[in-house]
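*Asks:*
Protein chains: 2
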Amino acid sequence: MIGYRFLLNLTIIEKEDIIEKRRKNMDKINTNPPSGTRDFLPSDLKFREEILTTTKQVFESFGFLPIKTPAFERIEVLTGKYGDEGEKLIFKILKRGKKELIKESDLALRYDFTVPLARVMVQYRDKLPKIFKRYQIGPVWRADRPSKGRFREFYQADIDIVGVSSLVADIEILLVFSKVLTRLGLQDFVIHLNSRKVLAGLMKVLDIPEQFHVDILTILDKFDKIGAKEMKGELLKSDISTKVAKNIIELFKLLDSDVSVISTLEDFLRLSPEGNMGLNEIKRIIKIVTLMMKEGTIVFSPFLARGLSYYNGPIFEIYYKGLTTSIASGGRYDNLIGMFSKKSIPACGGSLGIERIVLLLDKKRQNKRESSFSQVLVTVWNEDFLQDSLYLASELRNQGLLVETYLGEEDKIGKQLRYASDMKIPFVILFGPDEKDKNKVAIKNMQTSKQIILSRDKFTDFFRE
Amino acid sequence: MIGYRFLLNLTIIEKEDIIEKRRKNMDKINTNPPSGTRDFLPSDLKFREEILTTTKQVFESFGFLPIKTPAFERIEVLTGKYGDEGEKLIFKILKRGKKELIKESDLALRYDFTVPLARVMVQYRDKLPKIFKRYQIGPVWRADRPSKGRFREFYQADIDIVGVSSLVADIEILLVFSKVLTRLGLQDFVIHLNSRKVLAGLMKVLDIPEQFHVDILTILDKFDKIGAKEMKGELLKSDISTKVAKNIIELFKLLDSDVSVISTLEDFLRLSPEGNMGLNEIKRIIKIVTLMMKEGTIVFSPFLARGLSYYNGPIFEIYYKGLTTSIASGGRYDNLIGMFSKKSIPACGGSLGIERIVLLLDKKRQNKRESSFSQVLVTVWNEDFLQDSLYLASELRNQGLLVETYLGEEDKIGKQLRYASDMKIPFVILFGPDEKDKNKVAIKNMQTSKQIILSRDKFTDFFRE
């Protein structure tokens, strides 16, 4: 039909072979989802939604409230926020209507939930509570090169506490994530904790000029991935002096082999008040979180820097046994939320990597087969019995059951039973002339093949348990 | 911080005043959501999600399974599917990276859920059951001119039954929608039913040449909005002969004033087997749906045509008392789902207009104020008591309660109680040196201001009811 309408749209000048070629192109349309995106069929989607529901429940149990922002933002809201590399990954939307011809973009798909939160905080300042604990779960889009576990459309689950400068908020973020992971059955997680204040103290004591901070932090951050040797190479290649580079390497060697990292650093940071404060905060967080967490561990990780430069207090990444990439991350960023206004607003938060968590849990999962989720199939004896079958199904639904009526045209009962068996529907209701005469209903258990007969008025009692 | 990084990116040639101007522009960024989209704050979002959850539950209770497709599709999947007018409303995404310079688009935001379903049916043919009852709920995007109740990002809730040609499927779609509306408390709905076969029969008996069918159907479809007089004008203006136009007008006058529309049409369609079959289908649907529906009514609506040309069987629109636009619509379209393959696959389905339903229910709703959803606030006596308060909160959460710990820095208990009252949190837990000594917990009811003291071990029992 569509093909037909499509052909009608051609001008009559076009020749038969062009039409034929176009028809062939219609057939050849790539029906895969776009590169880096996925279609979720029922059983995978149900599995994902259970994970999202658990996550949501835990967020709400701590008093976090949901917000939802549009899939796209005005392009000027997003540009200049993600660095040069990030900027290239933004999906831009063309202007429409007459303006389509000038081929400019005015909108762009959201890249994360933090910039939209900053916009919301300005726009609805007076409607929102002073301490705003919000969560947002949903897809974000980045035009990254797709690879295993890396998608262009992927879900994030963000929590943020806006308006609180107390360390209690930083602690709560960690407790929420640890609770989510525990509830999902992912007990073997390790929280890596550091503080931007500690890193700032180190830069000061090591006498590294401010213009090199971002580069150095970027190199340090990769330590876990690239190891000491490669880190050394990168430091020596960078613009800092060889002496400073060697000092950094010495310190890191010391810390890497040390079991009492914190006290070693305390000595080292004696002369930096900021570094000292950072260390104290870390000690307090580790003490309380360790006592509160039922599963998982938390460790001080002096190499952790987190790429994004807007953090200014505690920062963290959560790793899972056997994975080299983090499954959650975040920290304090007191100057970010105020980006669209003149005020700075204290805030901390984090993001749960839903896609990696789904991958982890998917390996453990049993039943991956696509099938119906229905609990009962109500067969249809023939057209005259349709009304009766629809009633029976409706009564079962009122008991909270998931119920299908057989939809095929005038099919024999045998074929209807085979459908229930193919779809793994555990119970089948049979209601034909016999049952109608006796005012009874037959219920067949598809696993045991046993059939029982109950009175028409009380047959739903069977499903009570 | 962001502003700072932004400024750093400037070349040093730029003068101070340019920098100042840019800084001002940063302040002036429009923080409204993009035109035609909305931000949902907690209380509105909760309200929407309850409606979506009810809808989902009813869909699943009938055995419909969810799928999720990406927000965007390859552009060639969407083009040529929605007619010239629809095509203009598609949001197109620019190519990225080096290809951004050529300013072409390769992707586009989904416009509905039907075209993605057709793609999914081809792509996963072997993984999906032969009778596939799927639902999809989520946003779609159309660059329509925004107006009251019409958005550029809006939710649809679609159900479709693929692979069934029996009328039972058409009946089920109507029963599902009527159940959703009843469950949502929207009892005063009317289902308007017609059939493309009846319309085809009319075209034949009225002797209207095929090339005029689409135009005529479009005019008839507007009857309810424009009335008899304007319809007459439009028909006489169209390319059909005056005689045919007058015949149509005569027939419609007859039908409009007739209480026994169906028998009148039966006479009229005597010579069209297709028209007759359509009428019989309508009679059967109306009979069964009337018997099955607890609320609402279903009527034959011979003027209903539905704009989209792909329908080929029963078609319907659901109206609600006092609204002139429909809140749901759909029908049978046996040739649409097969658009990406050579096979035609029977299918019928419909779409629930979530936005209109939300607007309808929003008028009835009581509490629109933004507030916390927490049930209990656990106060923090001072820093030394933080650990205790975190434990108390955690125990309450394990009982399934929504619990906040007070996050402000070292605030007096009076201020903490005021926070609970502002946020309308009904219960407050107090645990200070007194309570700790006696191994007790104080619970304050914020509505009655009454306070009771319970033993530390059993205080959660209070919240059992």
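The listed protein sequences correspond, in order, to chains A and B.
Taking the numbering used here, the leading residue of the first sequence gets -13, the next gets one more, and so forth.
Taking the numbering used here, the leading residue of the second sequence gets -13, the next gets one more, and so forth.
Even for Gly, the Cβ is constructed at its ideal location relative to N, Cα and C.
Owing to the predicted nature of the structure, the values given are computational and were not obtained by experimental measurement.
Using a Cβ-Cβ cut-off of less than 7 Å, list which residues of the stretch 88 to 109 of chain A approach chain B; keep chain order.
*Replies:* Taking 7 Å as the Cβ-Cβ cut-off against chain B, the residues of the stretch 88 to 109 of chain A that qualify are Lys89, Ser91, Leu93, Arg105, Val106, Val108, Gln109.
*Asks:* Using a Cβ-Cβ cut-off of 8 Å (strictly less than) and excluding sequence neighbours within five positions of A:Ser358, which residues of its own chain qualify?
*Replies:* Taken in chain order, the residues that qualify are Glu390, Met409, Lys410, Ile411.
*Asks:* Measuring straight from C-alpha to C-alpha, what distance separates A:Leu338 and B:Ala186?
*Replies:* Their backbone Cα atoms lie some 55 Å apart in a straight line.
*Asks:* Indicate the three-state DSSP secondary structure (helix, strand or coil) for A:Val414 in the structure shown.
*Replies:* Correct three-state label for A:Val414: strand.
*Asks:* Using a Cβ-Cβ cutoff of less than 8 Å, which residues in the same chain neighbour A:Leu478 once the five nearest sequence positions on both sides are dropped?
*Replies:* Within the shown structure, residues of chain A are numbered from -13 to 451, placing residue 478 of chain A beyond reach of any answer.
*Asks:* When you compare the CB of A:Glu59 with every CB in chain B, is at least one pair closer than 8 Å?
*Replies:* Answer yes: the Cβ-Cβ gap between A:Glu59 and chain B drops below 8 Å somewhere.
*Asks:* Alpha carbon to alpha carbon, what distance is there between B:Gly336 and B:Asp174?
*Replies:* The straight-line gap from Cα to Cα measures roughly 19 Å.
*Asks:* Hey, quick one: how far does the alpha helix (DSSP H) through B:Pro20 stretch, first residue to last?
*Replies:* Premise fails: B:Pro20 is in no alpha helix (DSSP H) and is neither H nor E.
*Asks:* For A:Lys430, does the count of other Cβ atoms within 10 angstroms reach 16, so buried, or fall short, so exposed?
*Replies:* Under this definition A:Lys430 is a buried residue.
*Asks:* Sorted by chain position, which residues of the same chain lie with C-beta nearer than 7 Å to B:Ile157's C-beta, five sequence neighbours on each side aside?
*Replies:* Taken in chain order, the residues that qualify are Ile271, Ile274, Val275.
*Asks:* What runs of the beta strand (DSSP E), each 3 residues or longer, lie entirely inside the stretch 345 to 376 of chain B?
*Replies:* As far as the stretch 345 to 376 of chain B is concerned, its whole beta strand (DSSP E) runs of at least 3 residues are 362 to 364.
*Asks:* Could you work out which residues of chain B lie near A:Arg82, taking near to mean beta carbons separated by less than 9 Å?
*Replies:* Those within 9 Å of A:Arg82 in chain B are Lys74, Leu75, Ile76, Phe77, Lys78, Ala129.
*Asks:* Using a Cβ-Cβ cutoff of less than 6 Å, which residues in the same chain neighbour B:Glu139 once the five nearest sequence positions on both sides are dropped?
*Replies:* Counting only Cβ-Cβ distances below 6 Å, and skipping sequence neighbours, we find Thr23, Pro125, Trp127.
*Asks:* Go through the stretch 379 to 446 of chain A residue by residue and report every complete run of the beta strand (DSSP E) that reaches 3 residues or more, in order.
*Replies:* Counting whole runs of 3 or more residues, the stretch 379 to 446 of chain A contains the beta strand (DSSP E) stretches 389 to 391, 413 to 416, 426 to 431, 437 to 441.
*Asks:* With a cut-off of 8 Å on the beta carbons, I'd call A:Pro492 and A:Ser181 a contact; round off their distance for me.
*Replies:* The requested residue 492 of chain A does not occur in the structure, where chain A is confined to residues -13 to 451.
*Asks:* Which two residues bound the contiguous beta strand (DSSP E) that contains B:Ile147?
*Replies:* Run containing B:Ile147: 139 to 148, per the beta strand (DSSP E) assignment.
*Asks:* Identify whether B:Asp130 lies in helix, strand or coil by the three-state DSSP scheme.
*Replies:* Coil at B:Asp130, not helix or strand.
*Asks:* Please state the DSSP three-state secondary structure of B:Glu36.
*Replies:* Helix.
*Asks:* Look up B:Lys119 in the DSSP assignment and say whether it is helix, strand or coil.
*Replies:* Note: B:Lys119 maps to strand in three-state DSSP.
*Asks:* Would you call the CB atoms of B:Ile268 and B:Val162 closer than 8 Å?
*Replies:* No, the Cβ-Cβ distance between B:Ile268 and B:Val162 is not below 8 Å.
*Asks:* How far does the beta strand (DSSP E) with A:Ile88 in it reach, from first residue to last?
*Replies:* Run containing A:Ile88: none; DSSP gives neither H nor E here.
*Asks:* For A:Leu38, which residues from the same chain have a beta carbon less than 8 Å from its beta carbon, with the 5 sequence-adjacent residues on both sides left out?
*Replies:* Hits under 8 Å: Ile123, Tyr141, Ala143, Ile340.
*Asks:* Does A:Asn18 get closer than 8 Å to chain B when you measure Cβ to Cβ?
*Replies:* With 8 Å as the cut-off, A:Asn18 counts as an interface residue toward chain B.
*Asks:* Which residues share a DSSP beta bridge with B:Lys190?
*Replies:* Answer is none; B:Lys190 lacks a bridge partner.
*Asks:* Quick check on B:Ile(-1) - is its C-beta less than 8 Å from some C-beta in chain A?
*Replies:* Confidence at B:Ile(-1) is low in this model, with a pLDDT of 33, below 50, so its placement is unreliable and the value that follows should be read with caution. For B:Ile(-1), the answer is no, since every Cβ of chain A falls outside 8 Å of its Cβ.
*Asks:* Kindly give me the distance between the Cβ atoms of A:Ser315 and A:Ile304, rounded to whole angstroms, as I take these residues to be in contact under 8 Å.
*Replies:* The Cβ separation is near 7 Å, so the contact holds.
*Asks:* Just list the residues that DSSP pairs A:His178 with in beta bridges.
*Replies:* Beta-bridge pairing links A:His178 to A:Val285, A:Glu303.
*Asks:* Quick check: is the beta carbon of A:Ile399 nearer than 8 Å to any beta carbon in chain B?
*Replies:* It does not: the Cβ of A:Ile399 has no partner Cβ on chain B nearer than 8 Å.
*Asks:* Let me know the secondary structure DSSP gives B:Arg8 once reduced to three states.
*Replies:* Bear in mind that the predicted position of B:Arg8 carries a pLDDT of just 49, short of 50, making it too unreliable to give a figure here.
*Asks:* Output, in chain order, the set of chain A residues within a Cβ distance shorter than 9 Å of B:Ala155.
*Replies:* Within chain A, the residues near B:Ala155 are Leu393.
*Asks:* Answer with buried or exposed for B:Ser375, where buried requires no fewer than 16 other C-beta atoms within 10 angstroms of its C-beta.
*Replies:* Answer is buried; the Cβ neighbour count reaches 16.
*Asks:* Bridge partners for A:Pro52 per DSSP, in chain order?
*Replies:* A:Pro52 is bridged to A:Tyr121.
*Asks:* Would you mind working out which of A:Arg383, A:Asp370, A:Gln361, A:Glu395 sits nearest A:Lys422, comparing C-alpha positions?
*Replies:* Answer by Cα proximity: A:Asp370.
*Asks:* Leaving out the 5 sequence neighbours to the left and right, which residues in its chain are closer than 7 Å to A:Gly149 when beta-carbon positions are compared?
*Replies:* For A:Gly149, where only same-chain residues beyond five positions count, the Cβ hits under 7 Å are Lys116, Ile117, Phe118, Ile331, Pro332.
*Asks:* Determine the closest residue to A:Gly69 out of A:Ser407, A:Ala406, A:Val200, with distance taken between C-alpha atoms.
*Replies:* Cα-wise, what sits closest to A:Gly69 is A:Val200.
*Asks:* So what's A:Lys223 in DSSP terms, helix, strand or just coil?
*Replies:* Helix, per DSSP.
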